[in-house]
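Okay, so the sequence shown: first residue is 0 according to numbering that gives the first Met the number 0, each after it adds one. To keep things clear, I will list the structure first and then write my remarks on it.
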Amino acid sequence: MEALQNLLTVAIEVVAIAGFGGIALHALYTSHCRWMKTYCPSVEPLEPAIEPVVEPIATEEPTYSELFEQAEEIISKPIYQEEPAVKEPTPALSKYEVMSVKQLRQECQIRCVDWRRGGDYGKAMRKNQMIRALTA
């Protein structure tokens with residue numbers, strides 16, 4: 000009988016240790032699960048990307064004569080095309096540009112432009128200044 004009592008005592012101790020240990024392990028596991036839900040939200044699994052299926056278009060292979068014609072077309076085309084030389088037209092001279100300085104001074108007097116003091120620093124105007132004053 001004593002052996003049976005020792006066996007029951009050992010069984011009770013194992014169950015007690017396993018029970019308290021199980022409670023501790025359960026507490027650890029639930030706190031870990033709570034922490035994971037709070038700070039590590041679950042990520043939805045990615046769906047695989049659907050790649051479009053490209054079917055090759057069935058075409059007939061070109062014959063050698065067709066390939067030869069295409070090559071001749073490519074070879075016959077110039078690599079670059081020369082642009083025709085465009086001559087810029089010379090601007091027509093205005094009637095004032097053809098006149099002499101003396102004629103411009105007379106024209107300035109007719110149009111009431113002060114050519115004597117209208118130049119730089121109150122000096123007489125030069126030819127280009129008189130032309131600009133008359134065309135303005």
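No residue lacks a Cβ here, since even glycine has one placed at the ideal position from N, Cα and C. Please read these numbers as outputs of a predicted model, since none were measured by experiment.
ask   = What separation, rounded to the nearest whole angstrom, lies between the Cα atoms of residue 39 and residue 51?
value = When rounded, the distance between both Cα atoms is 35 Å.
inquiry  = Could you compute how far the alpha carbon of residue 99 sits from the alpha carbon of residue 120?
reply    = 23 Å
key: Straight-line gap, residue 97 to residue 116 (C-alpha atoms, nearest Å)   = 23 Å
query = Taking DSSP as the reference, what is the three-state secondary structure of residue 111?
reply = The three-state secondary structure of residue 111, taken from DSSP, is coil.
task = Can you have a look at residue 0 and say buried or exposed, based on whether 16 or more other CB atoms are within 10 angstroms of its CB?
result = exposed
message = Taking the straight line between their C-alpha atoms, what separation do you get for residue 18 and residue 27?
response = 14 Å
ask   = Span of the alpha helix (DSSP H) holding residue 21?
value = 1-38
ask   = For residue 103 versus residue 122, is the C-beta distance shorter than 8 Å?
value = no
ask   = Quick one: what does DSSP say residue 121 is sitting in, helix, strand or coil?
value = In this structure, residue 121 counts as helix in the three-state DSSP scheme.
request  = Could you spell out where the alpha helix (DSSP H) holding residue 131 opens and where it closes?
outcome  = 126-134
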